[in-house]
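One point on numbering: in our numbering, the residue at position 315 of the sequence shown is 316, and numbering is uninterrupted.
Here the structure is laid out as structure tokens; the discussion comes afterwards.
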Amino acid sequence: MRLLSLLLLVVVVSACQQPVSVEPDPVSEDKFRNAHLVPRAQTAGKDGDQTALVFAVSPNSLLERYSILERYALLERYAIVERYEFLEAFVGFSILVNSSELDALAAEMSTDPDIAWIEPDFPVKGPVQKLALDPDGQMLPPTLRQVGADKSYTRSGDGRGSVDADIYIIDSGVSHPDINVVESRNFSTDPTADDLQGHGTHIAGIAAAIDDKDGIVGVAPGARVHNFKVFGSSGTADVSVVIQAIEAVIAAKKASPEMEAVINLSLGEDVGTPEDTSLDLAVQAALDAGLAVVVAAGNHGGPIDTITPAHEERAITVGAGFFGMDDFSGHGAGVDIVAPGLLVTSLAPNVGGVYLMDGTSASAAHVTGAVALYFGKRKQQTAAEAKDWILTNAKNSWWAFPGSTPRRVLDVSGMRR
């Protein structure tokens, strides 16, 4: 039985139960978006010959009248393996299908007015380089001085003070006693939310390491860190896993509207098109919910137009640089600001000293800390106001940046009492 037949059966049954006059949406021939990413969806850790897809239900569809359980039953009756259901970013599902059935299924779903779009569930990654160090006592990383964190209202490095704000690190996990982790959730296939590779802990340390006698200190010391692990030991995560984590943050914001929070997404993927992906839609939903979202520009050394979610214009997209822009950094007019990303010192997982790392991931972490610093001082402010303050108070670089990148360099020294 094909999915279209079952969907039509559901609509017919619903119409018999309560008469409703509905004009079907125009049929689109382009509902299968980013089909060139299918090979990546087939090789992103799937078993056998399965392909991972994400699809959304049309906003006007009668299917939205159905309860969650009925929608689960719908998928089960079609013999599709369901992975996740999405309710916050969009109404839809992540599924697995046999690759041999992919073409027929995609063709059928593309002509179904109840389906808004279909997309391969491609992987995203957070690439990083690292070199271990082991200092004695607490270190004030040189990059924090560069961005003026030692002159902000918390005076990072003076051994006291904390920031009253929430940071959601959607990454490889966070594992270190020098970070104020208030929540840990594991969305990955690893058995634990602990950080097994170091990327997430490094990011969290830059943003919010506690100002005490140990480890390092962050831009927003002691801010409440929510550890949402999406990267397993492979260092990649399917986009549906990242969306699931973003949806959890949106749900938390809706449950506590007064919460001022920032999401750090030091991850991304070149999808070969500037068009929105399902991940971009999730970021847009987070922004619409009142959350700030900070995104790494990528380490590919080229324009960000085709990098998701870096090309999402309402997010704060961060490139790497200080005196000039680092060669590896993504660039272009869509990069909002740059921050240090070369040889950045931060925490290693658990209690294993510190790492030096390169990448726009680290740059984004500095800006994430800056947003938290803003929220901690200026209550009842919006994410848009936080972004505006950070861009307005940035330093103007003397050096030209490539690709029409604005010459804005992060500076939080003006965030005073």
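Even glycine gets a Cβ: it sits at the ideal position worked out from N, Cα and C.
Look at the alpha carbon of residue 170 and the alpha carbon of residue 339, and state the distance between them as a whole number of angstroms. 19 Å
For the candidate residues 285, 273 and 282, whose alpha-carbon lies nearest to that of residue 303? 273
Determine the burial state of residue 228: buried for a count of at least 16 other Cβ atoms within 10 Å of its Cβ, exposed for fewer. With 16 or more other Cβ atoms from the protein chains shown falling within 10 Å of its own Cβ, residue 228 counts as buried.
For residue 277 and residue 313, the rounded distance between their alpha carbons: When rounded, the separation of the alpha-carbon atoms in residue 313 and residue 277 is 8 Å.
Since residue 281 contacts residue 307 with CB under 8 Å, what's their CB separation in whole angstroms? No, residue 281 and residue 307 are not in contact; Cβ-Cβ is about 12 Å, not under 8 Å.
Residue 296 vs residue 267 beta-carbon contact at 9 Å: yes
Enumerate, from N- to C-terminal direction, the unbroken beta strand (DSSP E) stretches of 3 or more residues contained entirely within the segment 146 to 185. 167 to 172
Quick one: using the 10 Å Cβ neighbour count with 16 as the cut-off for buried, is residue 397 buried or exposed? exposed
Where residue 381 falls: helix, strand or coil (DSSP): coil
Which of helix, strand or coil does DSSP assign to residue 217? strand
Residue 320, buried or exposed, once every other Cβ within 10 Å from all chains shown has been counted against 16: Buried.
According to DSSP, simplified to helix, strand and coil, what is residue 413? coil
Below 6 Å CB to CB, which residues in the same chain sit around residue 93 once its five sequence neighbours on both sides are set aside? 56, 57, 58 and 87
Limits of the unbroken beta strand (DSSP E) element including residue 263: 262 to 266
With residue 422 as the anchor, note down where its beta strand (DSSP E) starts and where it stops. Past the boundaries of the shown model lies residue 422; the chain is included only from 2 to 418, so the question cannot be answered.
Less than 8 Å between the CB atoms is what I'm expecting for residue 190 and residue 233, so what's the real figure, rounded? 5 Å
Return yes when the Cβ of residue 208 is within less than 9 Å of the Cβ of residue 182, no when it is not. no
Tell me whether residue 225 sits in a helix, a strand or coil according to DSSP, three-state version. Strand, per DSSP.
Presumed contact (8 Å Cβ cut-off) between residue 226 and residue 180, rounded CB distance: 5 Å
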